[in-house]
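Asker: For the sequence shown, my numbering gives the first residue as 1, with consecutive numbering after it. Input: one structure, supplied below.
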Amino acid sequence: MHPPPVSASVRVRRAESSDLDDLVALEERTFDSDRLSRAQYRRHLDSDSAQVLVASANHRNFLGTAVLFFRKGSGVARLYSLATQPEARGKGVGSALLEASAHTARRRGCRALRLEVRADNALAISLYERLGFRRIGGYARYYQDGADAWRYEKALA
Ligand SMILES: CC(C)(COP(=O)(O)OP(=O)(O)OC[C@H]1O[C@@H](n2cnc3c(N)ncnc32)[C@H](O)[C@@H]1OP(=O)(O)O)[C@@H](O)C(=O)NCCC(=O)NCCS
1 MHPPPVSASV RVRRAESSDL DDLVALEERT FDSDRLSRAQ YRRHLDSDSA QVLVASANHR
61 NFLGTAVLFF RKGSGVARLY SLATQPEARG KGVGSALLEA SAHTARRRGC RALRLEVRAD
121 NALAISLYER LGFRRIGGYA RYYQDGADAW RYEKALA
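In structure tokens form, the structure reads like this:
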């Protein structure tokens, strides 16, 4: 018998300081440049202008994370980072984190959620487009390694 799909049981919660080791380890496994440091994660966990979300499912407490930023007086929230543990990809964790990010931003009164994504990250781009993000522009050589970025926005009705 097949185990139930992870997507059916993904929960998204707010990150706590006990998640710091997992957050930093996933960041290092996932990104080669533009990484968040442990000190930055620690600051974001304590900040009103940031929200760090963590996905868990079944008996696994840490499957992925999303980092959101907010600015006072701005109706636009920014999804700064999204990552799923490599062995848990393709099971709905990223989708659950995106849905929860939109929900969190909407609850904080934002009218839109924006993000930048590497122009060569076809998998993430198709995920964003499937979940209602629209391409609104781009930046040449946006990342530390010289890669270009697309900007995406999702309206939060
Ligand atoms: C982008 C990312 C967060 C997606 O997370 P995820 O948990 O795999 O997301 P989901 O399972 O909800 O959706 C992944 C998509 O890839 C497909 N997929 C199928 N098999 C897959 C596999 N083995 N691995 C990854 N994706 C797979 C899924 O079906 C889904 O396609 P869809 O959008 O057409 O439905 C994850 O791949 C990741 O951490 N990548 C590295 C970091 C990154 O690129 N972050 C985004 C830019 S900051």
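No residue lacks a Cβ here, since even glycine has one placed at the ideal position from N, Cα and C. None of these values were measured; they are calculated from a predicted model.
With 16 as the cutoff for other CB atoms within 10 Å, does H59 come out buried or exposed?
Answerer: exposed
Asker: Give the straight-line distance between the Cα atoms of I125 and A96, rounded to the nearest whole angstrom.
Answerer: 16 Å
Asker: Tell me whether the stretch 117-132 and the stretch 41-51 touch, counting them as touching only if at least three CB pairs, one residue from each stretch, are closer than 8 Å.
Answerer: no
Asker: Do you know offhand how far R135's Cα is from F70's?
Answerer: 20 Å
Asker: Assign G137 to buried or exposed, taking buried as 16 or more other Cβ atoms, counted over all protein chains shown, within 10 Å of its Cβ.
Answerer: Flag for G137 reads exposed.
Asker: Starting from the Cα of R14, find the closest Cα among V67, L36, F31 and give me that residue.
Answerer: V67
Asker: Tell me whether R134, by its Cβ, gets closer than 7 Å to a heavy atom of ligand 1.
Answerer: no
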